[in-house]
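Here the structure is laid out as structure tokens; the discussion comes afterwards.
Residue numbers (the UniProt record's numbering): 1 to 679.
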């Protein structure tokens, strides 16, 4: 009867079903029903997702596994069946992820030492590397047997992330083989590739794959911007090479000697223009390497590009300009640097944001058009299904309703006749009817205890209603706001040194505020109920702050916790300032948007941390223990790569752009200076 409804809203003319295998029948389509049409705010998005998933499943006409792997292993082969089950087994994926974490921990525990020295701990970690390499090799072998090696469309090496895993394993084997077979080869250059092993996490975490693929796709439109930046760097490097080549090696010497005057910083000078030497000093070029250990200058094209790049990053560009002024004078050199900053930093670098925003707007427009088209199609299909259901089911529903009403009326008539007969018989016998008995139940049956409990319940309900009205009133709202502001002022009034009287006043005020906020919490719990109170996230936050403050006072009173722990607990009171967000709608929406965005970029933050770890490990491989060569007398800087913690902090500092050039100078000197790079 409902054969016309076999066309469901999930199907459209663009979906093509794959051909059916022989001796198989098409499963019957489910008839559309009114209850199948979703409702609510996210209804159509859910429908779109379901339709997209169905369409993708239908278009997967290629088998996931090839009929043969490695030209000899069929799908019926027991070894291949076992490998397929193993690689699809969830605990196997978790085991691989755990191995990657352990490998990262082992790399982080390594302690690089100068002169390629080692420690017993490093020796043990080197042996553990063989175990990790064996596990990763086993994973590669199992996946190659399961998926095939290369020829099949779904083979192992047809996946980019599997290619990365394969390269990591191959490089690991090369480092082991070269270590035993080739003499005079620096194996550490190959061992440095071990730092990319954390990237194996991307293959095991789908969210990281999505983020990294999005970043790689965004790099394509940025290629033109990168070429433009390179073009600007090359042009300004050539201009600087023509204007300032060899101008930063002249400095002041005492008389006719080769001794420099004792100053905090050695600066360039000029004979006719630029900085002039003091009396008794001469400006000469006697082979001084120049400022910044000869790394930043325009003596050749490579160093000129490095200098221009540092200026574009706007880190230390003013110092470079002032040193150029010392060498050639202040007449026109500033034009070079100001134009470089305007063109390179302000315009070209900000084009990146413009390109990304333009691409995002284009994608958003395409998504919006597609969404509208799909919604129109789904609405049209759902409307046809709905009208068909109305036409076909209308008569059936009306018939069923008539039958139900007839049965109800028939049963009610029969019941009334029976009740009337029973009442009539009782009245003839002199007994009151049941209706009369119910109407004449005396209130004296209620005991004194029931009356008391009823009064208590009535008082409890009345009190809860009044307190609920109180906590929802504007006056209570402003009282809490004022208390939060006063508590903030008291917390901000702490300073060093402060008088004992002020300390006592602050402690007393904090106790009063804790009592007041505790009363607020108890009033809300009483009016809303304990379960209803903890439904709100803001109420949970208030309860956490109040309980933390009470614990602080208890521990402080009994002198249980050391001062450092008390200071940490006192920081909980500072969170009370965020109570304002509950009553300030605009600020609350802003905080909610911030928290939602944090949830959205969690995968991006994880990927960023992964790259920080990778570059920290790479820095340990390249510069670990080598800063000691240039800091034998003076103190070694804190931004070094001698430990994993220091490497993490140093990489994060470079990522923020703060004094990254100083870290670069130290690294170049540790590797032998600019001469070791051939520039």
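Here a beta-carbon is modelled for each residue, glycine too, at the ideal position from N, C-alpha and C.
{"Query": "For residue 614 and residue 199, which I take to be in contact (beta-carbon distance under 8 Å), what is that distance rounded to the nearest angstrom?", "Result": "7 Å"}
{"Query": "Give the DSSP-derived three-state secondary structure of residue 69 in the structure shown.", "Result": "strand"}
{"Query": "May I ask which residues mark the beginning and end of the beta strand (DSSP E) holding residue 254?", "Result": "251 to 254"}
{"Query": "If you follow the beta strand (DSSP E) that residue 269 is in, where does it begin and where does it stop?", "Result": "Neither: residue 269 is in no beta strand (DSSP E) and is coded neither H nor E."}
{"Query": "State the start and end residues of the unbroken beta strand (DSSP E) segment that holds residue 638.", "Result": "Unbroken run through residue 638: none, as it is neither H nor E."}
{"Query": "Contact between the stretch 578 to 596 and the stretch 553 to 562 is defined here as three or more beta-carbon pairs at a separation below 8 Å; is this criterion met?", "Result": "no"}
{"Query": "What is the DSSP secondary structure of residue 281, counted as helix, strand or coil?", "Result": "strand"}
{"Query": "Just list the beta strand (DSSP E) runs in the stretch 510 to 556, keeping only unbroken ones of 3 residues or longer that don't cross its boundaries, in chain order.", "Result": "none"}
{"Query": "For residue 122 and residue 325, I'd like the C-alpha separation in whole angstroms.", "Result": "50 Å"}
{"Query": "Considering residue 244, what are the terminal residues of the alpha helix (DSSP H) in which it resides?", "Result": "206 to 244"}
{"Query": "Buried or exposed: where does residue 145 fall if 16 or more other Cβ atoms within 10 Å of its Cβ makes it buried?", "Result": "buried"}
{"Query": "Pick helix, strand or coil for residue 313, following the three-state DSSP scheme.", "Result": "coil"}
{"Query": "So residue 247 and residue 327 are in contact, right, with Cβ under 8 Å, and what is the actual spacing, rounded?", "Result": "4 Å"}
{"Query": "For residue 571 and residue 493, I'd like the C-alpha separation in whole angstroms.", "Result": "15 Å"}
{"Query": "In angstroms with no decimal places, state the Cα-to-Cα distance between residue 329 and residue 665.", "Result": "26 Å"}
{"Query": "Grab me the residues of residue 278's own chain with a C-beta within less than 8 Å of its C-beta, minus the 5 sequence neighbours each way, in chain order.", "Result": "252, 261"}
{"Query": "What is the rounded straight-line gap between the Cα of residue 287 and the Cα of residue 312?", "Result": "29 Å"}
{"Query": "Do you know offhand how far residue 399's Cα is from residue 386's?", "Result": "20 Å"}
{"Query": "Does the Cβ-Cβ distance between residue 237 and residue 304 come in under 7 Å?", "Result": "yes"}
{"Query": "Once DSSP output is grouped into helix, strand and coil, what is the label at residue 119?", "Result": "coil"}
{"Query": "Give a yes or no on contact between the stretch 613 to 627 and the stretch 660 to 675, applying the rule of three or more CB pairs nearer than 8 Å.", "Result": "yes"}
{"Query": "Is the beta carbon of residue 309 closer than 7 Å to that of residue 241?", "Result": "no"}
{"Query": "Would you check if there are 3 or more beta carbon pairs closer than 8 Å linking the stretch 498 to 506 to the stretch 590 to 609?", "Result": "no"}
{"Query": "Measure from the alpha carbon of residue 648 to the alpha carbon of each residue in 659, 612, 675, then state which is nearest.", "Result": "612"}
{"Query": "Report all residues from its chain with a CB closer than 6 Å to the CB of residue 644; omit the five preceding and five following residues, and keep chain order.", "Result": "108"}
{"Query": "Based on Cα-Cα distance, which residue from 532, 610, 250 lies nearest to residue 101?", "Result": "610"}
{"Query": "Check whether the stretch 161 to 174 touches the stretch 200 to 211, taking contact to mean three or more Cβ pairs, one atom from each stretch, closer than 8 Å.", "Result": "yes"}
{"Query": "Can you name the residues that DSSP bridges to residue 74?", "Result": "68"}
{"Query": "For residue 88, count neighbouring Cβ atoms within 10 angstroms of its own Cβ and tell me buried if that reaches 16, exposed if not.", "Result": "exposed"}
{"Query": "Alpha carbon to alpha carbon, what distance is there between residue 480 and residue 536?", "Result": "17 Å"}
{"Query": "Are the CB atoms of residue 169 and residue 617 within a distance shorter than 7 Å?", "Result": "no"}
{"Query": "Would you kindly work out how many angstroms separate the C-alpha atoms of residue 466 and residue 458, rounded to a whole number?", "Result": "12 Å"}
{"Query": "Does the structure place the stretch 224 to 232 close enough to the stretch 315 to 322 that three or more beta carbon pairs sit under 8 Å?", "Result": "no"}
{"Query": "For residue 60, count the other beta carbons within 10 Å of its own beta carbon; 16 or more makes it buried, fewer makes it exposed. Which is it?", "Result": "For residue 60, the pLDDT reaches just 45, beneath the cut-off of 50, and the residue's location in the model is therefore unreliable, although a value from the coordinates is still provided. Answer is exposed; the Cβ neighbour count stays below 16."}
{"Query": "Can you tell me the Cα-Cα spacing of residue 155 and residue 606, whole angstroms?", "Result": "29 Å"}
{"Query": "Does the distance from the CB of residue 221 to the CB of residue 363 come in under 7 Å?", "Result": "no"}
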